Each structure stands twice: as C-alpha cells, then as structure tokens.
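Read in order, the letters of the sequence shown correspond to residues 1 to 246 in UniProt numbering.
Just so it is clear, CB atoms sit at the ideal spot from N, CA and C, and this is done for glycine as well.
In this text, all values refer to a predicted model and were calculated from it rather than measured experimentally.
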Amino acid sequence: MKLISANWKMNLTPSQTKEYIQRFLPLVEGIEDREILLCPPFTSLCVASEMLKDKKVRLGAQNCHFEPKGAFTGEISLDMLKELGVSYVIVGHSERRWVFGESDELINKKLTACLKAGIRPILCVGERIEEREAGLTFKVIETQIRLALSGIEAYTDSIDIAYEPVWAIGTGNPATPEDAQLVHAFIKDLLYSINPQHAGKTRVLYGGSVNPNNAPDFMKMKDVDGLLVGGASLDPESFAQIVKSF
C-alpha cells in the first residue's frame, strides 16, 4: 500500500493541530487504498492522538531517542511515543543530519530501537548539491543506507526509506520524477543485494518540495511507493489534494 506522509517539522501549535485535523479528516474520509500519516511536533502528539483514535489516518513522530528512559534532557523515548499511538518515526531526516549533526552511527541506533519497540521507522537518505554535482549521488546514498542498516539487515521488511534530495528540500525546485525514479530504482536494487528475501517489502518514498501539482507525476513512477511531504502538508486542503492526487 502506498504511504503518503506529512512532516510538519517545527510548525503548528496544539490548537492549530486540532483545527487542522478537524478540517482534514472529512477531506480524506473513505480513502482506504493508501496509508495516510501525520507527523506533528512532539507538543501536538497528545491532541493528535486523541483526534485520530479509531481513524484510518496514522500518527507518526519526527524523531526519537534510542534509549528507553534516563537522564537525556529534552529527548523523547519510543515507549512514550508508543503510548500515544505513534506507529511511525522519521529517522535521519536531512535537517537532523546537517543542522543537528546526527551521525550514521546514531541513526543506526535509532533504527534498531524503533524495531525493538515495534514502531516502523522511515529512514531518510539523500545527497547535498555538491555531492550531486560531483556525481556522488549513488555512492552517498549507498553509504547512508549500509551504515544505517548495519546489524539489522535482516529486518528491512520493517523499515521504509524516504529519498530526500537535500538540494530540493524547501527550495521549490524538486527533482524531476525521472530523477527520483533513477534513485528509487537504485535503492531497491541495493536493498535486494542486502536482503533479497525482504527487499520488496520496503517502501521507498520521495520527499523534496512535493506539492499538489507535481505529486501525481512522482506517483506515476514505477518505484515511487509514496511521498514525504513538508511545507505543502501544513495546509489540510493542500495535503488532502496530494493524498487524492493519484
């Protein structure tokens, strides 16, 4: 099943989240042939959890800590998220990598913790503009995936991957659907080489300046299994349009 995910990043207060969900749910009522995921900030998870209870729309988090509890000021554990009904966690988003300095080793720890907790991680990978211009796209992505999956290669069926070309995020200048298809096909071939038994069970999403106008073209691509939507998901009508665009 295709997965259409909204990553709100550091946007929308709890009251704004309540209004958003009230407007959004009627717009996607009756849709059952694709999975819809909302990933609000931590502060909005409680209100979102209550409003999405018994609904088809799934709840996700934008980050997590790999330890179950302890003296980690400002962090959120997977047990805390699970109690709120969170079923997905975004791991290794480019903003976590490049703004907050998260390493591949840390990302691997978070993925491992997600699997142990029974929460499905969405592993984000992608290249920066200088890496793309140097022809290193495939090398960068392979390195990120292999290091992230180190020691958990047998569980690729419990992980989704989002390709987010860093040079396209928030720029209004997305990769072309054909560019995305090339990278997605590469990722699927790589996953097959890592774990042939489960390769087909990992969805590969595209994320990078997705909007209602270009979403249908991305979803036409053979190896695009869904979308990770940033800015265009902050408006419920816009995100609903993306959800229904294919």
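With fewer than 16 other Cβ atoms inside 10 Å of its own Cβ, Val-99 counts as exposed. Annotation note: the stretch 50 to 100 contains the following uninterrupted alpha helix (DSSP H) runs of length 4 or greater, listed N- to C-terminal: 78 to 83, 94 to 98.
In this structure, the beta-carbon distance from Ser-94 to Cys-64 does not fall below 8 Å.
Less than 8 Å divides the Cβ of Leu-38 from the Cβ of Ala-6.
Sequence-distant partners of Glu-102 (beyond 5 residues in either direction) whose C-beta falls short of 7 Å from its own C-beta, in its chain, are Gly-92, Arg-96. Taken through DSSP and simplified to helix, strand or coil, Ser-15 comes out as helix. Secondary structure at Asn-108: helix, using DSSP grouped into helix, strand and coil.
Counting the other Cβ atoms within 10 Å of the Cβ of Ala-48 gives 16 or more, which makes it buried. Ranking Ala-175, Gly-226, Leu-227, Glu-142 by CA distance to the CA of Tyr-192 puts Glu-142 first. Bridge pairing for Ser-5: Leu-37, Leu-228 [DSSP]. For Pro-121, the uninterrupted beta strand (DSSP E) segment begins and ends at 120 to 125. 8 Å or more divides the Cβ of Asp-79 from the Cβ of Ala-113. Going by beta carbons, Tyr-88 and Ile-119 fall inside the 8 Å limit.
For Tyr-155, no alpha helix (DSSP H) segment is defined, and its DSSP state is neither H nor E.
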